Ligand SMILES: Cc1ncc(COP(=O)(O)O)c(C=O)c1O
């Protein structure tokens, strides 16, 4: 079976992990935590990194640090994985969903302002599948209405918008290092920011909000989200060759594009001018002209030993939120979207094989 994604560990991961074990420092706040935070923040061109146990935890400390509380509204894209919406809910806030842009699949910046009310406190743009959001209008809207911006860059390490890194636009921003991410620590995440106060608040929230002077005194509701030294060690090793990984991810995407770009009925991923899409996942849309349903293609590819995944289901449709509204793009993406295997160890031969299987399904649907 060709999996949708396999992690690759080809650098100093083992060496650094063994160093943690030998030094007996396996919990948080070790030397690899410090180094990984410094180096990852530097990679993103921001001053501070706060390592935590997951991308969801990074979003949660970010949302808490900007002061989201009960009754506050936060703009979140409808087409996303659920974590940014949950981070808002964890603090008692309400996510307000905005439809996606039909080309980039990220938040439609023309539809944000109509959702802003007196209660709106922040916007969480999500860089979907490695394609950065259109950050200029987002930052302008935020400034005009006095809102915080928290980028969810869980899927977009190293992505560029007008030459600037994803994760360097918002007031405080979140990354995930889950196994299938551009770089991984297995489970892990980081909040990054240029703002010293937000960094300090995030550091406090990730570790129970201990009073600085007197441990075991707590003035606020903190969480237990510190990243372990062992996982930070893996992250540091992964970071050392992140640009090589990104180049390979882009190569995988371009190789798919070469083979699938002319197949009638398929829409391949878009890359706006002025961005570097890092193609965290390689997603395609199966249009009606293809002649076979997206679900049938998934089933047939699986029978041929190729694993794929459906796109996200819009947030407004989640039973847990059940928010009414008009989200035509998000709904179309959910119906048509399929992402294909995109590990960095894929060869041209394997990609060609996957593309040939797709062509065969189109040409011989009964087979
Ligand atoms: C857009 C987005 N945000 C947040 C997360 C949450 O990251 P984690 O799984 O590390 O909690 C993910 C994970 O897939 C994601 O895709």
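In the numbering used here, the protein residues as written are 765 to 1131. Glycine included, each C-beta is placed from N, C-alpha and C at the ideal position. Computed from a prediction, not measured in an experiment: that's the story for all the values here.
> Exposed or buried, which one is residue 830 when buried takes at least 16 other CB atoms within 10 Å?
Replying inline: Label assigned to residue 830: buried.
> For the beta strand (DSSP E) that residue 940 lies in, which residues bound it at each end?
Replying inline: Boundaries of the beta strand (DSSP E) harbouring residue 940: 936-940, taken from the DSSP string.
> Taking 7 Å as the line, does the beta carbon of residue 840 fall inside it for any heavy atom of ligand 1?
Replying inline: No, Cβ of residue 840 sits at least 7 Å from all heavy atoms of ligand 1.
> Quick one: Cα of residue 1004 to Cα of residue 872, how far?
Replying inline: The alpha-carbon atoms of residue 1004 and residue 872 are separated by roughly 34 Å.
> Residue range of the alpha helix (DSSP H) that residue 837 falls in?
Replying inline: Element bounds for residue 837: not the alpha helix (DSSP H) but the beta strand (DSSP E), 837-841.
>> Report the CB separation of residue 1079 from residue 859 in whole angstroms; it is logged as a contact under 8 Å.
In response: With 8 Å as the limit, residue 1079 and residue 859 qualify as a contact, their Cβ atoms being about 7 Å apart.
> Of the residues 935, 911, 1048 and 812, which one's Cα is nearest the Cα of residue 1032?
Replying inline: Out of 935, 911, 1048 and 812, 1048 has the C-alpha closest to the C-alpha of residue 1032.
> Taking 7 Å as the line, does the beta carbon of residue 1098 fall inside it for any heavy atom of ligand 1?
Replying inline: Answer for residue 1098: no, Cβ out of range of ligand 1.
> In chain order, what residues of the same chain have a beta carbon less than 7 Å from the beta carbon of residue 989, not counting five sequence neighbours either side?
Replying inline: Contacts found: 816, 817, 821, 825 and 970.
> If you count every other CB in all the chains shown that lies within 10 Å of the CB of residue 841, and 16 or more means buried, which is it?
Replying inline: Buried.
> Applying the criterion that 16 or more other CB atoms from any shown protein chain within 10 Å of the CB defines a buried residue, is residue 993 buried or exposed?
Replying inline: Here residue 993 is buried: its Cβ has 16 or more other Cβ atoms, across all protein chains shown, within 10 Å.
>> Output needed for residue 1006: all residues of its chain with C-beta closer than 8 Å, excluding positions within five of it in sequence on either side, in chain order.
In response: 807, 921, 922, 946 and 947.
> Is residue 767 near ligand 1, with its Cβ less than 7 Å from a heavy atom?
Replying inline: Not one heavy atom of ligand 1 lies closer than 7 Å to the C-beta of residue 767.
> When DSSP builds the beta bridges, which residues end up paired with residue 990?
Replying inline: Among the bridge pairs identified by DSSP, residue 990 is matched with 816.
> From residue 796 to residue 833, what distance separates their C-alpha atoms?
Replying inline: The alpha-carbon atoms of residue 796 and residue 833 are separated by roughly 33 Å.
> What number of angstroms, rounded off, separates the C-alpha of residue 1067 from the C-alpha of residue 1126?
Replying inline: So the alpha carbons of these two residues sit roughly 15 Å apart.
>> For a test of the three-state rule: what should DSSP assign to residue 1073, helix, strand or coil?
In response: In the structure shown, residue 1073 adopts extended strand secondary structure according to DSSP, grouped into three states.
>> Strictly by DSSP, which residues pair up with residue 974?
In response: Answer is 982, bridged to residue 974.
> Are the CB atoms of residue 769 and residue 1107 nearer to each other than 8 Å?
Replying inline: Yes, the Cβ-Cβ distance between residue 769 and residue 1107 is below 8 Å.
>> Can you tell me whether residue 862 is helix, strand or coil according to DSSP?
In response: Three-state result, residue 862: strand.
> Looking at C-alpha atoms only, which residue of 855, 1115, 933 and 1001 is the closest neighbour of residue 735?
Replying inline: Not covered by the structure: residue 735. The range shown for the chain is 765 to 1131.
> Which value, in whole angstroms, describes the spacing of the CA atoms of residue 1064 and residue 1014?
Replying inline: One C-alpha to the other measures close to 26 Å.
> Opposite residue 887 in the DSSP bridges: which residues?
Replying inline: DSSP lists 839 and 913 as the beta-bridge partner residues of residue 887.
> Do residue 1000 and residue 800 come within 8 Å of each other at the CB atom, strictly closer than that value?
Replying inline: One thing to note: residue 800 has its Cβ within 8 Å of the Cβ of residue 1000.
>> Quick check on residue 837: buried or exposed, where buried means 16 or more other Cβ atoms within 10 Å of its Cβ?
In response: Here residue 837 is buried, its C-beta having at least 16 other C-beta atoms within 10 Å.
>> DSSP three-state label for residue 1011, please.
In response: Under the three-state reduction of DSSP, residue 1011 is assigned to helix.
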